[in-house]
């Protein structure tokens, strides 16, 4: 079975500081991994995805994530936080079971202080 | 190009009633998935439909059902509503059932009183 654990339900950083959101996954087969962002009262927007190509994945808005199989991790980083990055972030894992079933983590709310 | 659209945006129902939520995928996308997002939690997978057939089902009771139409739009139906069904219901589309990237709509917020 697949599962996703996001460490820290809330993360607070200062504007300009490093953003690090942690995600660990469990999967019995090679997974596809995703990070999504959700702004208040909106749907989910794809930030980036890992699909078994390069282990360092670059996404939109300056975010990137590194797939580490040995650590079963897919942490999201951004070198310098901006006020507009304040949102809820979800890590997700998908596996091919004849269709794709996507399992989401519980989410991490990012606060950015001026 | 238009993204995934969902209707209605908001809905208030009472316990025991029935509700139908609608989703139109991105043009050219043939697969639609439904998710339930309870406040403060991540989305939970309900169904995936492709070519009008159910291709995946999450751990939801039989009160939840869905269908997909020839134009690839989809409906999610929930019978005998419970207070716990109050949530944001998200629809996501992808090119086909083997396409791992999904694009989400804005959701329908359902409140059950």
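Chains as they are written, first to last, in my numbering: chain A, 1 to 114; chain B, 1 to 113.
Each residue gets a CB set at the ideal place from its N, CA and C atoms; glycine is no exception.
Which residues in the same chain as residue i place their Cβ atom closer than 7 Å to its Cβ, once the five residues preceding and following it in sequence are excluded?
i             : result
residue 12(A) : 111, 113
residue 66(B) : 34, 47, 49, 74, 75, 76, 77
Confirm, please, whether the CB-CB distance from residue j to residue i is below 8 Å.
i              : j             : result
residue 75(A)  : residue 20(A) : yes
residue 4(B)   : residue 23(B) : yes
residue 27(A)  : residue 6(A)  : no
residue 107(A) : residue 4(A)  : no
residue 110(B) : residue 87(B) : yes
residue 90(B)  : residue 15(B) : no
residue 64(B)  : residue 43(A) : no
residue 55(A)  : residue 18(A) : no
residue 38(A)  : residue 90(A) : yes
residue 47(A)  : residue 67(A) : no
CB-CB under 8 Å to residue i, same chain, minus the five flanking residues each way: which ones, in chain order?
i              : result
residue 100(B) : 94
residue 52(A)  : 30, 32
residue 102(A) : 34, 92, 93, 94
residue 13(B)  : 19, 81, 110, 111, 112, 113
residue 85(A)  : 19, 61, 78, 110, 112
DSSP on residue i, reduced to helix/strand/coil?
i             : result
residue 71(A) : helix
residue 96(A) : strand
residue 12(B) : strand
residue 8(A)  : coil
residue 56(B) : strand
residue 93(B) : strand
residue 61(A) : helix
residue 47(A) : strand
residue 28(A) : coil
residue 24(B) : strand
Measure how close the beta-carbons of residue i and residue j come, nearest whole angstrom, since I'm counting them as under 8 Å.
i              : j             : result
residue 18(B)  : residue 77(B) : 7 Å
residue 59(A)  : residue 35(A) : 7 Å
residue 32(A)  : residue 94(A) : 4 Å
residue 72(A)  : residue 24(A) : 5 Å
residue 107(B) : residue 44(B) : The Cβ separation is near 13 Å, so there is no contact.
residue 81(B)  : residue 32(B) : Contact flag wrong, Cβ pair sits at about 22 Å.
Please list, in chain order, all residues of the same chain as residue i whose beta carbon is under 6 Å from its beta carbon, the five residues on each side excluded.
i              : result
residue 72(B)  : 25, 30
residue 52(B)  : 68
residue 49(A)  : 34
residue 16(A)  : 80
residue 21(B)  : 76, 89, 108
residue 102(B) : 92, 94
Beta carbon of residue i: closer than 7 Å to some heavy atom of the ligand GTP?
i             : result
residue 48(A) : Of ligands this structure carries none, so the ligand GTP is not represented either.
If contact means a Cβ-Cβ distance below 9 Å, which residues of the region 35-54 of chain A contact chain B?
36, 38, 41, 42, 43, 44, 45, 46, 49, 51
Short-range partners of chain B found in the region 102-114 of chain A, where Cβ spacing is below 9 Å:
102, 103, 104, 105, 106, 107
Taking any Cβ of chain A, which residues in the region 27-41 of chain B have a Cβ under 7 Å from it, in chain order?
41
Taking a cut of 8 Å between CB atoms, which residues from the region 54-67 of chain B lie near chain A?
55, 56, 58
Contact set between the region 6-40 of chain A and chain B, restricted to residues whose Cβ is under 9 Å from the partner
6, 9, 32, 34, 36, 38
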